[in-house]
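See structure below.
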Amino acid sequence: LSQKVEMTNWEKGHYINYKKMSENLAIVRSRLNRPLTFAEKILYSHLDDPHGQDIERGKSYLKLRPDRVACQDATAQMAILQFMSANMPSVATPTTVHCDHLIEAQVGGEKDLARAQDINKEVYDFLSSSCAKYNIGFWRPGSGIIHQIVLENYAFPGGLMIGTDSHTPNAGGLGMCAIGVGGADAVDVMANLPWEVKAPKIIGVRLTGEMSGWTAPKDIILKVAGILTVKGGTGAIIEYHGPGVNALSATGMGTICNMGAEIGATTSVFPFNDRMYDYLAATKRKAIGDFARNYAAELKEDKGAQYDELIELNLSELEPHINGPFTPDLATPISKFKDAVATNKWPEELKVGLIGSCTNSSYEDMSRAASIARDALNHGIKAKSMFTVTPGSEQIRATIERDGQLETLEEFGGMVLANACGPCIGQWDRRDVKKGEANSILSSYNRNFTGRNDANPATHSFVTSPDLVVALTLAGTLNFNPLTDTLKDKDGKDFKLSPPTGEGLPSRGYDPGRDTYQAPPEDRASISVAVSPTSDRLQILNGFEAWDGKDAMDVPILIKTKGKTTTDHISMAGPWLKYRGHLDNISNNMLIGAINAANGEANKVKNMVTGEVDAVPATARDYKKRGIKWVVIGDWNYGEGSSREHAALEPRHLGALAIITRSFARIHETNLKKQGLMPLTFADPADYDKINPDDKVDVMCTELAVGKPLTLRVHPKDGKTWEAKLNHTFNESQLSWFKDGSALNTMARHAEA
Ligand code: SF4
Numbered sequence: 028l029s030q031k032v033e034m035t036n037w038e039k040g041h042y043i044n045y046k047k048m049s050e051n052l053a054i055v056r057s058r059l060n061r062p063l064t065f066a067e068k069i070l071y072s073h074l075d076d077p078h079g080q081d082i083e084r085g086k087s088y089l090k091l092r093p094d095r096v097a098c099q100d101a102t103a104q105m106a107i108l109q110f111m112s113a114n115m116p117s118v119a120t121p122t123t124v125h126c127d128h129l130i131e132a133q134v135g136g137e138k139d140l141a142r143a144q145d146i147n148k149e150v151y152d153f154l155s156s157s158c159a160k161y162n163i164g165f166w167r168p169g170s171g172i173i174h175q176i177v178l179e180n181y182a183f184p185g186g187l188m189i190g191t192d193s194h195t196p197n198a199g200g201l202g203m204c205a206i207g208v209g210g211a212d213a214v215d216v217m218a219n220l221p222w223e224v225k226a227p228k229i230i231g232v233r234l235t236g237e238m239s240g241w242t243a244p245k246d247i248i249l250k251v252a253g254i255l256t257v258k259g260g261t262g263a264i265i266e267y268h269g270p271g272v273n274a275l276s277a278t279g280m281g282t283i284c285n286m287g288a289e290i291g292a293t294t295s296v297f298p299f300n301d302r303m304y305d306y307l308a309a310t311k312r313k314a315i316g317d318f319a320r321n322y323a324a325e326l327k328e329d330k331g332a333q334y335d336e337l338i339e340l341n342l343s344e345l346e347p348h349i350n351g352p353f354t355p356d357l358a359t360p361i362s363k364f365k366d367a368v369a370t371n372k373w374p375e376e377l378k379v380g381l382i383g384s385c386t387n388s389s390y391e392d393m394s395r396a397a398s399i400a401r402d403a404l405n406h407g408i409k410a411k412s413m414f415t416v417t418p419g420s421e422q423i424r425a426t427i428e429r430d431g432q433l434e435t436l437e438e439f440g441g442m443v444l445a446n447a448c449g450p451c452i453g454q455w456d457r458r459d460v461k462k463g464e465a466n467s468i469l470s471s472y473n474r475n476f477t478g479r480n481d482a483n484p485a486t487h488s489f490v491t492s493p494d495l496v497v498a499l500t501l502a503g504t505l506n507f508n509p510l511t512d513t514l515k516d517k518d519g520k521d522f523k524l525s526p527p528t529g530e531g532l533p534s535r536g537y538d539p540g541r542d543t544y545q546a547p548p549e550d551r552a553s554i555s556v557a558v559s560p561t562s563d564r565l566q567i568l569n570g571f572e573a574w575d576g577k578d579a580m581d582v583p584i585l586i587k588t589k590g591k592t593t594t595d596h597i598s599m600a601g602p603w604l605k606y607r608g609h610l611d612n613i614s615n616n617m618l619i620g621a622i623n624a625a626n627g628e629a630n631k632v633k634n635m636v637t638g639e640v641d642a643v644p645a646t647a648r649d650y651k652k653r654g655i656k657w658v659v660i661g662d663w664n665y666g667e668g669s670s671r672e673h674a675a676l677e678p679r680h681l682g683a684l685a686i687i688t689r690s691f692a693r694i695h696e697t698n699l700k701k702q703g704l705m706p707l708t709f710a711d712p713a714d715y716d717k718i719n720p721d722d723k724v725d726v727m728c729t730e731l732a733v734g735k736p737l738t739l740r741v742h743p744k745d746g747k748t749w750e751a752k753l754n755h756t757f758n759e760s761q762l763s764w765f766k767d768g769s770a771l772n773t774m775a776r777h778a779e780a
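Rendered as structure tokens:
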């Protein structure tokens, strides 16, 4: 176990440390004295303090040391900008950045890629130069989708990774605990801080039997999504186990883990097995496979491991499923799908079939899809619907080009898109239907929320296996079940499609294709990171000012929000995504979705200095210009939704001092602290009702101390001053974040000291 095996072929000097992991586990075992699940073993073997850490599933907060960080290009911008403001010479944890989200599908791979390189030039240049400077591996546009590249190059059994994308769990197909986080968490780990997560509950899925015919690995997660629903996995890791696991390919397991994000799961994971070994060997990582075999006893669940919930699935009885429209948990087996289409009046005609994406673009997926297309072509027929193919990586594209699947899929009628996210994230210049026109599309992707693919709320988007996408695309209708129905060949004769077949791994090995990786250079000191001062998409972050050491008197309330205030209300997505790397520009969306308790409207507040009614960001900017700090008053669970750090950065940038609510969503609360703001809660929740939007307040910042409430003095416009007690959850080290102005300021101070 003291062998030295590199984590990846792309870096030098970062070894897989199974020995340390075993030692940590031994410590935890002696304390817990019970059998552990595999997911628990991965997490607990990465504890920052295995001796002292409280461990209770669903309760304690674990401080962990991940092995790696991966960022996609949309989220990497702000993560790196923040990291830069800490003034550290390089990242402390191996990190990669992947250019996949900003490429729009329009006319096909080559041209779409060239257009994206042009439109996003300054973002790509920034990412490329900053990655080179801070020792981050950079995967250029065209290299492929983050999760596919991670599976092919970086994932390893027993590893712990965080990624700034919700489908990071894809790496569970190689037995890695891979968890999607916000940029702020990634920055912490890049800067050598431990990463904190609530100890997940563990949901076990025990697989028995073996799949056959038209059933594919995707159907396992489509079925599980139907059982658990979009909320069922919240706060839990889904851990697959049982004898059925061994018949699945590693990439198939990746598909299942990937889509666990749709049921809210923290991540999903499979135990190390021979299929993972085969995949590691095929992707030039046999040494990792051999090393993992030595450590195999720790790369699966202990006998008698206890799950918080257990689901049993017999794969021999599992039917192919189609999930949707509009939600990934509306699961319908293919035998009942025709009836469901009629009952629900879903548009019968299938307009577009789309295969690929990070979810389903393995060699096996493409080979099976091509086998169905070949069967059709042999009968003289082609796709009736529009048909697109998105290879998950340049390696997959090059390999299926060499081996003929790509040609078959093109002959069948497929348009091959860039190795990128494309229509999966709405990067799709779709022209075959008008906005508002009801229509159906079917993809092998993972998400199908309203408007996600083409921004048309009337598009009925369904998700299924690539096999069913190809079969239904051939028929051109949702009313086709390839297991029972026949099609007409070119002579009008009936025939039935043969069930798909295809190799799991390429017998001639993978073809790496074009070189799309940029390794950080040896000499990085001389590299300068270019950001144009006139850019509207990127802006260098200047560290926030430190606290002035005083109480804040006579502070206006920018807005008292009513009801739900989610991170989407605080920092909207959609068109604003473009400005994710430019804090000042994106701040123009600050709180524009929140409902003002004073008038029941969004984005309309009264400026307490001028008396004018204006937009929320404009009013905040006016206060900032006048040197006036402000606060927000919020209701229950303020900041629920996502881990988006912009929801904390924007108020900080526009001059907030504190956000005072009945309660916070925990991730947002931490994000506020990290940016040097004070998240405070009313000790008496009824005080929320007592406070009026046009009151002024004194915040007694000097009282801030661990475990002690601080005083809020409220000056009603025409009434008697009263006091409220405010609680907070700052611990000692977090207090310095507030005092220094942000967590990064604190880190920078320590780095200098
Ligand atoms: Fe996310 Fe879709 Fe891209 Fe996958 S292909 S990373 S789900 S946008």
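In short: position in the sequence shown from 1, add 27, done, that's full-length UniProt numbering.
Backbone N, C-alpha and C define an ideal beta-carbon position, used for all residues, glycine too.
Between PRO184 and MET303 the beta-carbon gap is near 6 angstroms, inside 8 angstroms, which marks them as a contact.
Taking a 10 Å sphere around the C-beta of GLU464, we find fewer than 16 other C-beta atoms and assign the residue as exposed. Inclusion of TYR71 and PRO77 in the CB contact set at 8 angstroms is warranted, their separation being smaller than that value. Closest in alpha carbon position to LEU505, among GLU83, ALA369, VAL741, ALA143, is ALA369.
When rounded, the separation of the alpha-carbon atoms in HIS406 and ASP516 is 5 angstroms. According to DSSP, residue pairing for PHE439 in a beta bridge does not occur. Residue burial is scored here from C-beta neighbours: ALA732 has fewer than 16 other C-beta atoms within 10 angstroms and is therefore classed as exposed. Around the C-beta of SER343, fewer than 16 other C-beta atoms lie within 10 Å, and the residue is accordingly described as exposed.
In the three-state reduction of the DSSP assignment, ASP725 falls in the strand class, which pools E and B. Shortest gap from the CB of TYR71 to any heavy atom of ligand 1: 7 angstroms or more. Setting aside the 5 residues that flank it on each side, SER562 is surrounded in the same chain by GLU149, HIS609, each with a C-beta closer than 8 angstroms to its C-beta; the list follows chain order. A straight line joining the alpha-carbon of MET286 with that of ALA277 spans about 15 angstroms. 8 angstroms or more divides the Cβ of ILE247 from the Cβ of LEU357. LEU565 sits away from GLN133, with the two beta carbons spaced by 8 angstroms or more. A distance below 7 angstroms between beta-carbons, with the five flanking residues on each side excluded, links GLN99 to the following residues of its chain, in chain order: HIS125, ASP127, HIS128, ILE173, THR191, ASP192.
By the Cβ criterion, the stretch 112-124 is not in contact with the stretch 265-277, since fewer than three pairs of Cβ atoms, one from each stretch, lie closer than 8 angstroms. Annotation for ASN350 indicates a beta carbon at 7 angstroms or more from all heavy atoms of ligand 1.
Remark: C-beta atoms of TYR665 and THR592 approach each other more closely than 8 angstroms.
In the DSSP assignment, the residues bridged to LEU337 are GLY231. If you check the C-beta of ARG474 against ligand 1, you find a heavy atom less than 7 angstroms away.
Not one heavy atom of ligand 1 lies closer than 7 angstroms to the C-beta of SER669.
For ILE189, the shortest separation between its Cβ and any heavy atom of ligand 1 does not lie below 7 angstroms. At a cut-off of 4 residues, the continuous stretches assigned as alpha helix (DSSP H) that sit fully inside the stretch 364-427 are 390-405. GLU289 and GLU628 have their C-alpha atoms spaced approximately 32 angstroms apart. Beta bridge pairing from DSSP links ASP641 with VAL632.
Checking the 7 angstroms criterion, the Cβ of ILE172 is within range of a heavy atom belonging to ligand 1. The way I'd put it, the stretch 215-233 does touch the stretch 327-339; three or more beta-carbon pairs between them come closer than 8 angstroms. For THR386, the closest C-alpha among the options GLN545, GLY171, PRO712 is that of GLY171. Spatial neighbours of GLN175 in its own chain (CB-CB distance under 6 angstroms, excluding positions within 5 residues in sequence) are listed in chain order as CYS385, GLY419, SER420. In the same chain as MET617, and ignoring 5 residues on each side of it, the C-beta atoms closer than 8 angstroms to its own belong to ILE597, SER598, VAL643, PRO644, ALA647, GLU677, PRO678, LEU681, in chain order. In this structure, the beta-carbon distance from ALA710 to ASN754 falls below 8 angstroms. In this chain, VAL134 is not harboured by any beta strand (DSSP E), its DSSP state being neither H nor E. Secondary-structure assignment with DSSP links GLU667 through a beta bridge to THR593. If only complete runs of 3 or more residues are kept, the stretch 209-289 shows the beta strand (DSSP E) at 222-225, 228-235, 263-268, in order along the chain.
Note that the C-beta distance between ASN634 and ASP649 is below 8 angstroms. Note on the stretch 495-542: there is no whole alpha helix (DSSP H) run with a minimum of 4 residues.
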